[in-house]
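Some notes on the structure that comes next.
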Amino acid sequence: MNKKIKIDLLKKMQLIRLVEETIAFKYSENKMRCPTHLYIGQEAIAAGVSCGLKKNDFVVSTHRSHGHYLAKGGNLKKMIAELYGKSTGCSKGYGGSMHLIDLSVNFMGSTAIVGNSMPIGVGLGLSSKLDNTKDISCIYFGDGCIEEGIFHEVINFSAQKKLPILFVCENNLYSVYSPLKNRQPKKRSISNMVNSMGIESYEESGNDVEKVYNLSNQAIKKIRSTGKPIFLEFSTYRLREHCGPNYDNHIGYRGIKEFNLWKKKDPLFLFEEKLIKNKEITHKFKDEIILEINKKIMKAFKFAESSPFPKQIDAYKNTYAK
Amino acid sequence: MLKNKTFAEAINDALFTSMKKDKKVICYGLGIDDPKRIFGTTKGLKEKFGPKRVFDMPTSENAMTGVAIGLGLNGYKSVMVHQRLDFFLLAMDQLVNGAAKWHYMFGGQKNVPITIRLIIGRGWGQGPTHSQSLHSWFAHIPGLKVVMPTSPKDAKGLLLSSIFDKNPVLFIEHRWLHNLEGNVPDKDYRVPIGKAKNIISGKDITIVSMSYMTIEAMRAIKILNKLKIKCDLIDLRTISPIDYDTIYKSVKKTGKLIVLDIGNSNVSVASEIVANISQNLFSYLHCAPEVMGLPNVPVPTSFNLTKDFYPDSKSIVTSVLKKLKIKQNIDNLFTKQKFHDVPGDWFNEPY
């Protein structure tokens, strides 16, 4: 892997982390008045996958989509403005944190019902095939999605039609507060199951950004050349609470031991440490990146806070396209 | 040029017309290219436009609705068909949380042009899960349009309008209309969504109707004419949005209203119209408006249980006479069909 890609990966991860931490820090001001699901702990997946995607490739995502949106190149100012419910937001204040969109980079939309955006990503993949383009469709979803009926419908159709789709399953072990062991059979691997349903599947650590990049980049190239779907399952862990800015280890659904184990595997710290240890970057360089990103973030929050709200009357527009 | 066509042939004509006009129109549905071709409505499509644009699909109603959204986001206009409306209930997430809201929740940046053809069954013991008329569910959701044509001419014109509409449209066909014949122009013409049609003019009472119930209403009006009673008959054609202007005009003229529905009368399109008229035209009404729909129980199966279950021309005549306070024995005015559970004694097709 060349150094430029490594720096790209680091910057993408750092951007997501710092944005999410700023949101967490400012959330208690009660100005971002919408349910917000932070991506802290899972950054390696969005960063690693997106580095292999092209601008024209389609992306759809879920309620926890800040990372996917930013990694694809989604506009930061418009995302923060959307969280503030402003008319300058990426969805003009109609969507909030759970409904992000940036058509300039083909981030086609994130939706808030488990499994809901999957078939939409499949439709986009089918449109590429019908149009004979090489654009692929990347669908992000979590482990909870595997339990939805639509998951099986989507895998079946994509395999049957041979569609150019990258399925990215982020297995963070919890659906809200319900652990995987309460929801799925113990010894069954998700990727093995999907493999036997007719889609080439792989399993990888989602906290090692180089591994994520290598696997997904290979997969993307293969999808582009064969036109067939590939399924990737990444194991990871959300470090903050399910919804909101805080930690929720004290409420009793997951142990502090488990949390600490994953905290040691923080994908950003692991990667930074490795790059510094291998003398690929210096502490100074790392700090410069942080400074530069923080400046951008401050600007985005200023933009959001100073932007106007949509007019009340706008609530009654846009139900139908004209 | 006008041609005599059945309702099913008119649908087929609209599909051909739209696919010829726009390469981005594609059609899919379970059985769309099977030997029966969705009661003949998709006959010849695959042969003419090829398997890329006309394809059979897995039995995955929910996912395939989402696929239509995704296709729509990249410029395609999908026409999906389900042989029974009941099957489509599996797709409520993609319809209600997805298609209906996409344009709104992303601030009007993207629209999803989708047409979903749903067929309502009736008769031959199809019972609780193959004969539901749930159009009022869809009409309840902002962001969806719902059309229910009666005549072959309206079927073609409204299907074309639906396919080229920028929004998701539920196009609801009644199975008992598929064999109905009428004049259908050859050319590409559009019947606007959201416009009802005053198909029979009269001053005594307003009857508002939809889909197959309009046929029963026309039969009833023929009988009422013999009794010198003149009805104003409005065929809704679209039930979301409802064309209240046309209804208001008629009720202001007659002062009496019966609204027919092909679904359960509880929380129905008919009860919605009656509520609206009561709120807005109360002073024009000479008597209480009436809702005539199906009894509020599931549709039964047995031949004997379905006897007199559906409101028909006779029950419409009875209601009209009651509203007009006319006492008259009408039994000799009706000839009974041999079997009540088929659209006509000539009918020997599969359902």
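Chains as they are written, first to last, in our numbering: chain A, 65 to 386; chain B, 7 to 357.
We put the CB at the ideal spot given by N, CA and C, even for glycine.
For the segment 170-185 of chain A, the beta-carbon criterion of a distance under 9 Å to any beta-carbon of chain B is satisfied by 172, 173, 175, 176, 177, 179, 180, 181, 182, 183, 184 and 185. Contact annotation: the segment 37-48 of chain B does not touch the segment 71-83 of chain B, with fewer than three C-beta pairs closer than 8 Å.
The beta carbon of residue 260 of chain A sits no closer than 8 Å to any beta carbon of chain B. 112, 113, 114, 115, 116, 117, 118 and 119: these are the residues of the segment 112-131 of chain B whose beta carbon lies less than 9 Å from some beta carbon of chain A, given in chain order. By DSSP's assignment, residue 209 of chain A forms no beta bridge with any residue.
In this structure, residue 268 of chain B sits near residue 217 of chain B, with a CB-CB distance shorter than 8 Å. The beta carbon of residue 279 of chain A sits closer than 7 Å to the beta carbons of 266, 268 and 296 from its chain, once the five residues preceding and following it are set aside; these are given in chain order. Put simply, of A/298, A/249 and A/256 the residue whose alpha carbon is nearest the alpha carbon of residue 274 of chain A is A/298. For residue 128 of chain A against residue 101 of chain A, the beta-carbon gap comes to about 4 Å, under 8 Å, which counts as contact.
For the segment 148-169 of chain B, the beta-carbon criterion of a distance under 7 Å to any beta-carbon of chain A is satisfied by 148 and 149. Separation of residue 352 of chain A and residue 135 of chain A (C-alpha to C-alpha, rounded to the nearest whole angstrom) is 20 Å. Residue environment for residue 282 of chain A: exposed (fewer than 16 other C-beta atoms within 10 angstroms of its C-beta). Spanning the alpha carbons of residue 293 of chain A and residue 96 of chain A requires a straight line of approximately 38 Å.
In terms of CA proximity to residue 340 of chain B, B/323 leads the group B/348, B/323 and B/352. Taking C-beta atoms as the reference points, residue 197 of chain B and residue 164 of chain B count as a pair closer than 8 Å. Residue 170 of chain A places its beta carbon 8 Å or farther from that of residue 154 of chain A.
The closest CA to that of residue 43 of chain B, considering only B/60, B/27, B/29 and B/28, is found on B/60. Here the alpha carbons of residue 255 of chain A and residue 182 of chain B stand approximately 48 Å from one another.
Look at residue 154 of chain B here: in three-state DSSP terms it is coil, with no helix or strand label. Membership of residue 299 of chain A in the beta strand (DSSP E) is indicated by the continuous run 294-299. Taking one beta carbon from each stretch, the segment 13-22 of chain B and the segment 369-380 of chain A have fewer than 3 pairs nearer than 8 Å; the two do not touch. Pairing residue 93 of chain A with residue 359 of chain A, the inter-Cα distance amounts to about 20 Å.
Secondary structure at residue 128 of chain B: coil, using DSSP grouped into helix, strand and coil.
In the DSSP assignment, residue 32 of chain B falls outside any alpha helix (DSSP H) and lies within the beta strand (DSSP E) extending over 31-35.
Counting along the chain, residue 258 of chain A sits inside the alpha helix (DSSP H) bounded by residues 254-260. The DSSP assignment places 320-327, 331-341 and 347-370 as complete runs of the alpha helix (DSSP H) inside the segment 292-372 of chain A, in order along the chain (cut-off: 4 residues). Counting other Cβ atoms within 10 Å of its Cβ, residue 233 of chain A reaches 16 or more and is therefore classed as buried. Distance from the Cα of residue 7 of chain B is smallest, within the candidate group B/188, B/142, B/193 and B/67, for B/193. In this structure, residue 263 of chain B places its C-beta atom within 8 Å of the C-beta atom of residue 283 of chain B.
A distance below 8 Å separates the beta carbons of residue 168 of chain B and residue 199 of chain B.
For residue 64 of chain B, a Cβ of chain A is located within less than 8 Å of the residue's own Cβ. Counting along the chain, no alpha helix (DSSP H) covers residue 93 of chain A, and no H or E run does either. Where residue 117 of chain B is concerned, there is no enclosing alpha helix (DSSP H), because DSSP gives it neither an H nor an E. Within its own chain, the residues whose Cβ lies closer than 6 Å to the Cβ of residue 161 of chain A, once the five positions on either side in sequence are excluded, are 98, 100 and 147, listed in chain order. Residue burial is scored here from C-beta neighbours: residue 153 of chain B has at least 16 other C-beta atoms within 10 angstroms and is therefore classed as buried. Rounded to the nearest whole angstrom, the C-alpha separation of residue 166 of chain B and residue 172 of chain A is 28 Å.
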